[in-house]
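Residue numbers for the sequence shown follow UniProt numbering, beginning at 1 and rising by one. Beneath this line is the structure, given in structure tokens, with notes to follow.
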Amino acid sequence: MILAHHGADNGFTTKKFLNHIEPDVAICSSDYDNKYDHPREEIRELLHEQGIHLKTTKTGDVIIRSTGDHTGGYEVINLIGKSTKESSRVEGLFSKKSGILDANGDTLRQRYGAKKSWPR
Numbered sequence: 001m002i003l004a005h006h007g008a009d010n011g012f013t014t015k016k017f018l019n020h021i022e023p024d025v026a027i028c029s030s031d032y033d034n035k036y037d038h039p040r041e042e043i044r045e046l047l048h049e050q051g052i053h054l055k056t057t058k059t060g061d062v063i064i065r066s067t068g069d070h071t072g073g074y075e076v077i078n079l080i081g082k083s084t085k086e087s088s089r090v091e092g093l094f095s096k097k098s099g100i101l102d103a104n105g106d107t108l109r110q111r112y113g114a115k116k117s118w119p120r
């Protein structure tokens, strides 16, 4: 999940919401020395309590990379700024919607009952 408004404590990121979507990782885009201290301490604590990995762009890029042969596995890598060195990595994650990601257009139309739009 991508945190709303750089991880501000604005009422969007709640325990109820996190329990509903069950993210493995939360990503926050924020500068190293931002004056608002994003992500906020309250949000960092909530994510920690829920067992959700937090990755930020404070020290460098965040990369989400598919692993395996398109089976839904992925890893999240936090890089150190202006380099290819890693500051942290979370491996062994699995997309909860990998079945939808694998589906082609015809399968999706059947799943959601869209009306045929052909022949034209």
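All C-beta atoms, glycine included, are put in the ideal place defined by N, C-alpha and C.
Scanning Cys-28, Ser-30 and Asp-24 for the CA closest to the CA of Gly-51 turns up Asp-24. Arg-89 is bridged by DSSP to Ile-77. Listed in chain order, the non-local C-beta contacts of Ser-98 below 6 Å within the same chain comprise Gly-72, local neighbours out to five positions each way being set aside. Around the beta-carbon of Asn-78, 16 or more other beta-carbon atoms lie within 10 Å, marking it buried. A distance of 8 Å or more separates the beta carbons of Leu-54 and Thr-13. With fewer than 16 other Cβ atoms from the protein chains shown falling within 10 Å of its own Cβ, Gly-81 counts as exposed. Look at Leu-18 here: in three-state DSSP terms it is helix. In the three-state reduction of the DSSP assignment, Arg-44 falls in the helix class. Remark: C-beta atoms of Ser-30 and Thr-67 do not approach each other more closely than 8 Å.
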